[in-house]
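Chains P and Z are the protein sequences, given in the same order.
Under my numbering, residues 1 to 115 are what the first sequence spells out, in order.
Under my numbering, residues 1001 to 1114 are what the second sequence spells out, in order.
Right, one structure below, let's go through it.
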Amino acid sequence: GAGVSQTPSNKVTEKGKYVELRCDPISGHTALYWYRQSLGQGPEFLIYFQGTGAADDSGLPNDRFFAVRPEGSVSTLKIQRTERGDSAVYLCASSLTGVGQETQYFGPGTRLLVL
Amino acid sequence: DQQVKQNSPSLSVQEGRISILNCDYTNSMFDYFLWYKKYPAEGPTFLISISSIKDKNEDGRFTVFLNKSAKHLSLHIVPSQPGDSAVYFCAARTPGAGSYQLTFGKGTKLSVIP
Chain P
1 GAGVSQTPSN KVTEKGKYVE LRCDPISGHT ALYWYRQSLG QGPEFLIYFQ GTGAADDSGL
61 PNDRFFAVRP EGSVSTLKIQ RTERGDSAVY LCASSLTGVG QETQYFGPGT RLLVL
Chain Z
1001 DQQVKQNSPS LSVQEGRISI LNCDYTNSMF DYFLWYKKYP AEGPTFLISI SSIKDKNEDG
1061 RFTVFLNKSA KHLSLHIVPS QPGDSAVYFC AARTPGAGSY QLTFGKGTKL SVIP
């Protein structure tokens, strides 16, 4: 079946601009996660959705970052007033919920470059 | 302070031999551990996992061992194949109501030499 998809695959923007990154999870997965991976690092947690609600947004670095999942499926990560330090690969993952459903499946990521 | 550490940034192994990738963690509350494999320009691909209540899980050529007292886990690949060459990430899950976030190590780049 189809895996997690993310668009765009690459995004180049200028400092101060607004960007939106989209994630389409595996069909039927109620849990959705956003991570950010900088060069030479492992992915770092940003936010977790259970259904439509953000159950844990403790990883968002500041209030320029916001994410939504209005219908419990597709999610959008929004970054306002982008800074050069926001350049990274933004990864989305989804999973089922419940005991034995712990595996998170990742999409290919969106490579964001802020000039 | 890194809660999940992969102290070897790289590892080279001859084809057909065993590859052993190591991971240490500091948070005794982690309840689930996963290994992911990542090729360049792709997202991490799930490989194998283990619950904190077990000490071993095997899937084909891949075996993960967990030593809770030492807060250490390892991934064994045998026999190693050139297609196994990739970056391997160890990840640990934080339990608790409302959060199932994964904490990742920095990764180990495995090169399997034909």
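Note that beta-carbon positions come from the ideal geometry of N, C-alpha and C, so glycine has one too.
Please read all numbers here as calculations on a predicted model, not as lab measurements.
CB-CB under 7 Å to G59(P), same chain, minus the five flanking residues each way: which ones, in chain order?
-> Taking the first residue of the first sequence as 1, we reach residue 59(P) at position 59. If we look at G59(P) and ignore the five residues flanking it on each side, its Cβ neighbours are E44, F45, L46, I47.
Would L1102(Z) count as contacting chain P if we go by Cβ distances under 8 Å?
-> To locate residue 1102(Z), count along the second sequence from 1; it is residue 102. Interface residue, yes.
Using a beta-carbon distance cut-off of less than 7 Å, what residues from the segment 1077-1097 of chain Z approach chain P?
-> F1089, R1093
Using DSSP bridges, identify the partner residues of A67(P).
-> Position 67 of the first sequence holds residue 67(P). According to DSSP, A67(P) bridges with L77(P).
Show which residues of chain Z have a CB atom less than 9 Å away from the CB atom of G98(P).
-> As a position in the first sequence, residue 98(P) is number 98, starting the count at 1. Chain Z residues near G98(P): none, gap ~11 Å exceeds 9 Å.
Just the Cα atoms here: how many angstroms apart are Q50(P) and W34(P)?
-> On the first sequence, position 50 is the one that residue 50(P) refers to. On the first sequence, position 34 is the one that residue 34(P) refers to. So the alpha carbons of these two residues sit roughly 12 Å apart.
So what does DSSP say about G1083(Z), is it helix, strand or coil?
-> Reading the second sequence from its first residue, position 83 is the one you call residue 1083(Z). DSSP places G1083(Z) in helix when its eight states are reduced to three.
So, do the segment 81-100 of chain P and the segment 1077-1095 of chain Z have three or more beta carbon pairs nearer to each other than 8 Å?
-> no
Which of the three DSSP states, helix, strand or coil, is assigned to D24(P)?
-> In the first sequence, residue 24(P) corresponds to position 24, counting from 1. Looking at D24(P) - three-state DSSP - the assignment turns out to be strand.
Give, in chain order, every residue of the segment 84-95 of chain P whose Cβ lies closer than 7 Å to some Cβ of chain Z.
-> L91
How about the segment 1002-1012 of chain Z and the segment 1049-1062 of chain Z: do they share at least three Cβ pairs that are nearer than 8 Å?
-> no
Minimum C-alpha distance to G1060(Z) - residue among G1105(Z), S1080(Z), L1011(Z), C1090(Z) = As a first step, residue 1060(Z) is located in the second sequence; it is residue number 60 there, counting from the start. When each option's Cα is compared against that of G1060(Z), the closest is S1080(Z).
From V114(P), R111(P), L115(P), G107(P), pick the residue whose C-alpha is nearest to that of Y1036(Z); which is it?
-> By 1-based counting over the second sequence, the position of residue 1036(Z) is 36. Answer by Cα proximity: G107(P).
Partner residues on chain P for K1106(Z), Cβ-Cβ distance less than 9 Å = Residue mapping note: residue 1106(Z) aligns to position 106 of the second sequence, counting from 1. Going along chain P in sequence order, the residues near K1106(Z) (Cβ under 9 Å) are G40, Q41, G42.
A1070(Z) to G42(P) span [Cα, whole Å] | Stepping through the second sequence from its first residue, residue 1070(Z) is reached at position 70. Stepping through the first sequence from its first residue, residue 42(P) is reached at position 42. Approximately 22 Å, taken between the alpha carbons.
Do we get a CB-CB distance below 8 Å when we pair P108(P) with the residues of chain Z?
-> Here residue 108(P) corresponds to residue number 108 of the first sequence, with the count starting at 1. So, interface residue.
Compare the beta carbon distance of D83(P) and K11(P) with 8 Å and say whether it is the shorter of the two.
-> Reading the first sequence from its first residue, position 83 is the one you call residue 83(P). Reading the first sequence from its first residue, position 11 is the one you call residue 11(P). With the sequence shown as reference, residue 83(P) is identified as Glu, and Asp is not the correct amino acid for it. Against a cut-off of 8 Å, the Cβ pair of K11(P) and E83(P) comes out as no contact.
Select from the segment 1024-1046 of chain Z all residues with a C-beta closer than 8 Å to any C-beta belonging to chain P, and list them in chain order.
-> Y1032, L1034, Y1036, A1041, E1042, G1043, P1044, T1045, F1046
Indicate whether I1077(Z) and F1062(Z) have their beta-carbon atoms separated by less than 8 Å.
-> Here residue 1077(Z) is taken as the residue at index 77 of the second sequence, counted from 1. Here residue 1062(Z) is taken as the residue at index 62 of the second sequence, counted from 1. Yes; because the gap between Cβ atoms is below 8 Å, this pair is in contact.
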